[in-house]
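Student:
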Amino acid sequence: MENQLRNAIRKLLEEKTVDVAIGYGRVGVGGAVGAVFVTDPNEVDRLVWNAECRQNLAVHLSRPEVKALGKPAIVVKGCDARAVVVLANEGQIDRENVVVVGVVCEGIQGADASGVATGTLLDKCVACVEHAAQNVDILIGDAAKAAELDAANAPNAKTAGKQAKLAALMSKTPEERFQYWRDEFSRCVRCHACRQSCPLCYCNRCVADKNRPTRIDTSATLKGNFAWNILRAFHLAGRCVGCGACSAACPAGIDLDLLNLTLANAADEQFGYVAGKELGAAPLIGTYAENDKEEFIR
Amino acid sequence: MAKIGVFTCWCGENIARHVDCDAVSNAVAKLPGVHCSLNYKYMCSEPGQNMIAEKIKELGLTGVVVASCSPHMHLKTFRKTAENAGLNPYLVEMANIREHCSWVHTDREIATAKAIELIGMAVEKVRRNHALEPIKVPVTKRALVIGAGVAGIQAALDVAAGGVEVVVVEKEPSVGGKMAGLSETFPTLDCSQCILTPRMVEVGQHPNIKLMTYCEVEKVDGYVGNFKVTIRKKARYVDITKCTGCGACWNACPMKGKIDNAFDFNLGFGHDKKLGKRSAIYVPFPQAVPARPTVDAENCLRLKSMKNGKELCGICQKQCAANAINFHDQDELIEIEVGAIVVATGYQLYSIGKEQENPNIKGYAEYGYGKYKDVVDSLQFERIISASGPTGGEPLRPSDGRVPEKIVFIQCVGSRDNAKGITYCSKICCMYTAKHTMLYKHKVHDGEAHVFYMDIRSGGKKYDEFVRRAIEQDGAIYHRGRVSKIEEETIDGVKKLMVYGADTLSGKPVVVEADMVVLACAMTPTTGAPQLAQKLSVGYDEYGFLSESHPKLRPVETNAAGVFVCGACQGPKDIPETVAQASAAAGKVLIMLSQPNLTREPEIASVDERLCASCGACVKACPFQAITKEEIRDRNGNLVKTTSRVNPGLCMGCGTCVAVCPSKSVDLIGFTDDQIYAQVESLAD
Amino acid sequence: MSQVVTLEQLKKLAADKLSAGARVVAPVVDGGLVSFKEISDAAQATFAPQVRVQNSIKEFFFPKHEVIFTFVRKGNDVEIVDAPDFEDDQIILGVRPCDAAALPILDPLFGWDYQDRFFQQRRAKTTVVTFACKETDAHCFCAAVDGGPDNPAGSDAMLFDLGDGSFEVRTFTDKGAALFAGIATESDKTGAACAPPTCDFDVEKVAVWITENFASPEWEKLSLRCVGCGACAYVCPTCHCFDIVDEGTYSKGQRVKNWDACQAGMFTLHASGHNPRSTQGKRQRQRLTHKFSIYPGKFGPYLCTGCGNCSRSCGASFGVRPALEALNADVVQKQED
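Chains as they are written, first to last, in our numbering: chain E, 1 to 298; chain G, 299 to 983; chain P, 984 to 1320.
#1: What three-state label does DSSP hand residue 308(G) in the structure shown?
#2: Residue 207(E) touches chain G at which residues, Cβ-Cβ below 7 Å?
#3: Give the C-beta separation of residue 1208(P) and residue 1301(P) to the nearest angstrom, bearing in mind that I take them to be a contact with Cβ-Cβ under 8 Å.
#4: Are any of the Cβ atoms in chain G nearer than 8 Å to that of residue 1113(P)?
#5: Relative to the C-alpha of residue 487(G), which candidate in 333(G), 745(G), 732(G) and 796(G) has its C-alpha closest?
#6: Over what stretch of residues does the alpha helix (DSSP H) that includes residue 1226(P) continue unbroken?
#7: What does a CB cutoff of less than 7 Å around residue 681(G) pick up in its chain, not counting 5 residues either side in sequence?
#8: Shortest alpha-carbon distance to residue 1033(G) belongs to which of 854(G), 750(G) and 406(G)?
#9: By the three-class DSSP mapping on this structure, what secondary structure does residue 298(E) have?
#10: By the three-class DSSP mapping on this structure, what secondary structure does residue 705(G) have?
#11: On the premise that residue 70(E) lies in contact with residue 20(E), defined as a C-beta separation below 8 Å, what is that separation, rounded to the nearest angstrom?
#12: Can you pull the chain E residues whose beta carbon is under 9 Å from the beta carbon of residue 927(G), in chain order?
#13: According to DSSP, what are the bridge partners of residue 382(G)?
#14: Rounded to whole angstroms, what's the CA-CA distance from residue 298(E) to residue 620(G)? Just pull it up for me.
#15: Helix or strand or just coil, what does DSSP make of residue 226(E)?
#16: Nearest chain G C-beta to residue 68(E) closer than 8 Å, yes or no?
#17: Counting contacts by CB-CB distance shorter than 8 Å, is residue 298(E) in contact with chain P?
#18: Let me check one thing: in DSSP terms, what residues is residue 440(G) bridge-paired to?
#19: Can you tell me the Cα-Cα spacing of residue 625(G) and residue 632(G), whole angstroms?
#20: What residues from chain G crowd round residue 1059(P), counting only those whose CB sits closer than 8 Å?
#21: Write down the C-beta distance between residue 83(E) and residue 113(E) rounded to the nearest angstrom, noting that I regard them as a contact closer than 8 Å.
#22: Using the three-state DSSP reduction, which class does residue 928(G) fall into: helix, strand or coil?
#23: Please list the terminal residues of the continuous alpha helix (DSSP H) segment that includes residue 658(G).
#24: Given a threshold of 16 other Cβ atoms within 10 Å of its Cβ, counted over all protein chains shown, does residue 684(G) qualify as buried or as exposed?
#25: 8 Å is my cut-off, CB to CB: does residue 1262(P) come that close to chain G?
#26: Check the C-beta distance from residue 871(G) over to residue 725(G) and give it rounded, since I have them as a contact under 8 Å.
#27: Return no unless some Cβ of chain E is closer than 8 Å to the Cβ of residue 1301(P).
#28: In whole angstroms, what separates the C-alpha of residue 516(G) from that of residue 474(G)?
#29: Kindly say whether residue 982(G), judged by its beta-carbon, lies nearer than 8 Å to any beta-carbon of chain P.
#30: Do the CB positions of residue 443(G) and residue 640(G) come within less than 8 Å of each other?
#31: Contact between the region 851 to 860 of chain G and the region 398 to 410 of chain G: three or more CB pairs below 8 Å?
#32: Can you check whether the C-beta of residue 172(E) is within less than 8 Å of a C-beta belonging to chain G?
#33: How many whole angstroms separate the CB atoms of residue 1115(P) and residue 1080(P), which I take to be in contact at a CB cut-off of 8 Å?
#34: Who are the neighbours of residue 192(E) on chain P, taking C-beta pairs under 9 Å?
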């Protein structure tokens, strides 16, 4: 698959269909995988594809430093591809001006504290039903295999992996859950790695950085940390695609995507809404459909 | 440096009864930035206002707080006071220590403490106010009136008389609405058409009025003072500029006497199948304006055959000396620009049947409407006794054309009936039922007119006297009670309607062997009213009646700036009220269009375009479509960024955009986040 | 002859210090992580050398959030109450040498143009006990910046794991000696640290390139994958930037000092709206220049101990080591060729 990917990107660069390809490469300590930005068709061998390709590269589409490189091609997994759709729906990218190269991903592995892959799939990958990226311009990999993997996971999609972890948490009493989050948020240092890694946190000036009035204390106290993390989850309601980049990036190991998953489940149950499935879909928050549940809305 | 003046009002003893105004004045004098704190019995009076004006000039105040009644009452008053004294009016705030304090608390200690807190909040707000200028929006000096019944006609004539161009759009082929089909009107028994047709003609001829009949509003864009309306001119298949109205076509039409005439509410008569029927090319009634025919495409033989590639009939075209008939006519979309819109779409009667458009409303099977030919509704009865109706005014019953000897009139069919989902009173039925009994009795002297009623509502001028006249002079028989059911029986070979009712005053059941039954059905808005309201961003209630801005003080304005309502589309009402409302709406239109620019309050939303990430959430959430996505380009035309931008002509300052914006790049001028936080935090001290 | 303590003695030492009212900080295994935390019970701590710790001990000298003073508005005046002095004894056990080495690097800064009592008081009251490293991972590069797995800088005492439930103790300061006085016993066993980590770049050469190439386009290229969070700065033992903010209402609250990160987009945003470091390349340039040019120019040592915390915690697989390696490969080597 790596060769297929490299060939596809080489062609796009040679034919000047795109100016830069945003993909994965071995760039970190010990060959750890991170984003690479290939502008020269002769350098496509820098691109890799494997079970360590953890990041959601869609975050780079909104960055001015990357926009300055020109028209991009971007390598996306199934979850990442939905982030591209949400970015297009929210007017952040012109979908016609991005070449989306989807891959068939069989799951991403966790890593230990030194960054060495553990060999076991991440929680969020255990229940994946989008092994082949959707809404893409080019698909690399075996779509049939992807469909098989989807079908195998489909019966447990709403109960396994991260959902199981959430269910375990939700089975505790509210007091126990509150204590859980107090413990988790006591480690939060407000580095905002969660926000910076998230493709959907693209506001030029985040509300957490606003003062006069200060809505969210910038201090890494329980008050500030609860406010920040819960607010970010709220702002992602109906928008989070569950890529897990936030949890992966958190240096304090806080399981942030449990918060996001709670609201994503609510969006699905109450409104049948899954973020990033449909190009051109209206946002969940701020719009209504005539058959929405609350009768007072017309 | 803030120099704030606080002026506390006693409001006579409305406030002073429960709030110790002296103590309040003394307490708030100590708030930071407060340079003077006075109290007086009536701040809104001339001496009160002078007190404020003098302090503004003497101390050079930078902000004023008036602690008194609701801003709805006097904010404009005190802003004017400030403006006259040289202080920008938007540097004035009010603390409501009456409706929010002295009127809802009786404990003096608590009320006084709360008043001090309320004033503290207002001081924190006014400290952060900015001087603002009203927004001027240029205005198109033209009005649109939607609907040409008596409401639309009156409104159009008044606006036109005021020197403003009016476009009148009417969906039927003729103007006149329901009133054109009525017989005589209460309380004067004026012939309805006689008093209406002169106005109908005037609307057709007035130099300031452009009449567009057989047209509907397709789309409304733009905002107050600058609406762009797309109108669909439906295909008439007749060029009314060529047509002379000679009538050769409709007399020659082979479908003459065969098609239900909606103007006669689809009345059909058993003894003469042609009564109440029309041809496929038709004028709805002889006094129609414009007096030109229309072709009914669903029933015209030529137009139906053209769908199958044939060309049948066409007799009318051959007969037309003016060559005015064009079977290839198409709908046309016409765009107009107007500054104000008046909605006068009127009413229709509740259809009674089981299938109801509005899912909240149920039908009646009990009265046999639709099953028994002689059970009719009140508008159908109007056509039967109207001199210009299908029977020439003779009261004949539909099934067999006999003159009914006993008619039962049932009031409150649908209205005031929780079980059917219509809770309101339709207002006019008591009056027109009395009228119906009188008109019937005037024509059938020894006939019996029975009325089943719950109450008699006759509150207008000379109205109660009218009802008494029906009972005392014309002998109408009134039973206080409802009718449980109607069943048809044949007695001596004649179909009769057995009406089973009650008389609660005597406590006895009443059965009337009637020849005909007239149902006073509830008034409902016309079909399509909610859809039109949505195009105009006007609110409507669960029945589809359009919502006025304020039921008492603003009956003809809506919450959509520049859109006014009048007539039965806003709620059931009779002709005098309709005419009054129509003139009122016209007055509002003329006020609005009297200046070249519209002045709007500047307390609207504003986007900080450097920060906006252009996610579009506010664009979608704005109930008034006041926010658009705009591009910002540099001098060379390169795109710098896109941003949301608020249209100051349309924004109503509701704040929905501020709530929905994730980055809080948009704020409400005059009600900024900073101000609101400061107000809330002042309570924490 | 060496001094040796057993694991039990270490635990008892921690328990005793807790009973005496001192603050005791130690590595705590929590879920999948090891973090330095203040403990309330000796049983919470792990007494073993740790390579991959989630946080640095700097937060016990320079907290992530600290109140400087509180204020209350009284009429038209403001009453200010300074934060109290730090008066508790503090013992930090089980520190990595690269983490402790940051303390003497930071001392000159916190005693330079402003005597920062918040930092200095904690330094005075804290005894730092390190573990000599038994292993390194690919992220470590302490040896390249004058450090090492048994570097005594910043340590009051260092423990060498003997593998049998006991540790050799080497004390370097009076505080260290006082802590283990009467506890350690004489022995002839000695411990050793593991081999130092290797890297294939010469920090000095890269530092020279950094100093001389402010305008190079290499900076933007280098930093493309960095998304501009603060993870690296906050886990770094030597990073010390902070933001001073007022919290509370307009009439009462507190002025606080919070950690800040130069990689954040608005870190250098001016009140005028101008941002001199408007791209990630400029921000990374600032970080590396500060660490390898400006700070050593001012105070002597590099502002980096080669601990590897940054690259371990970076979600984008960036960090100081990858940056230095990339600079070395892309430009420094090419200069020499």
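Built from N, CA and C at the ideal position, the CB exists for glycine as well.
Tutor: So, from the listed chains and residues:
#1: DSSP places residue 308(G) in the coil class of the three-state scheme, outside both helix and strand.
#2: What residue 207(E) touches in chain G: 960, 961 and 962.
#3: Contact flag correct, Cβ pair sits at about 6 Å.
#4: Not closer than 8 Å to any Cβ of chain G, the Cβ of residue 1113(P) fails to qualify, so no.
#5: For the residues 333(G), 745(G), 732(G) and 796(G), the minimum Cα distance to residue 487(G) belongs to 732(G).
#6: Element bounds for residue 1226(P): not the alpha helix (DSSP H) but the beta strand (DSSP E), 1225 to 1231.
#7: These residues qualify, in order along the chain: 479, 562, 563, 565, 687 and 688.
#8: Lying before the first or after the last residue shown, residue 1033(G) is absent from chain G, which here runs from 299 to 983.
#9: Residue placement at residue 298(E) cannot be trusted, given a pLDDT of 49 that sits under 50; the coordinates are not used to answer.
#10: Strand at residue 705(G).
#11: Separation of the CB atoms of residue 20(E) and residue 70(E) is rounded to 6 Å, and the pair is thereby assigned contact status at 8 Å.
#12: Those are 91, listed as they occur along chain E.
#13: DSSP lists no partner for residue 382(G).
#14: With a pLDDT of 49 at residue 298(E), under the threshold of 50, the modelled position of this residue cannot be trusted; read the value that follows with caution. If you take the alpha carbons of residue 298(E) and residue 620(G), they lie about 50 Å apart.
#15: Residue 226(E): helix per DSSP, three-state reduction.
#16: Cβ-Cβ to chain G under 8 Å: no for residue 68(E).
#17: Here residue 298(E) scores only 49 on pLDDT, less than 50, and its place in the model should not be relied on; the value that follows carries that caveat. No, residue 298(E) does not count as interfacial toward chain P.
#18: BP columns for residue 440(G) point to 463(G).
#19: Answer to the nearest angstrom: the Cα atoms are 20 Å apart.
#20: Those are 330, listed as they occur along chain G.
#21: At roughly 27 Å, the Cβ-Cβ gap does not stay under 8 Å, so residue 83(E) and residue 113(E) are not in contact.
#22: Looking at residue 928(G) - three-state DSSP - the assignment turns out to be strand.
#23: Going by DSSP, residue 658(G) is part of no alpha helix (DSSP H) at all; its letter is neither H nor E.
#24: By the neighbour-count criterion, in which 16 or more other beta carbons inside 10 Å mark a residue as buried, residue 684(G) falls on the buried side.
#25: By this cut-off, residue 1262(P) is not an interface position.
#26: Confirmed, Cβ separation roughly 6 Å.
#27: At least one chain E Cβ lies under 8 Å of residue 1301(P).
#28: If I take the Cα positions, the gap works out to 21 Å.
#29: Closer than 8 Å to some Cβ of chain P, the Cβ of residue 982(G) qualifies, so yes.
#30: Taking 8 Å as the Cβ cut-off, residue 443(G) and residue 640(G) qualify as a contacting pair.
#31: Counting Cβ pairs under 8 Å, fewer than three are found: no touch.
#32: Using beta-carbon distances, residue 172(E) does not count as an interface residue toward chain G, since no partner is under 8 Å.
#33: Cβ-Cβ separation between residue 1115(P) and residue 1080(P): approximately 7 Å, consistent with a contact (criterion under 8 Å).
#34: By Cβ distance, chain P contributes 1211, 1212, 1213, 1214, 1244 and 1247.
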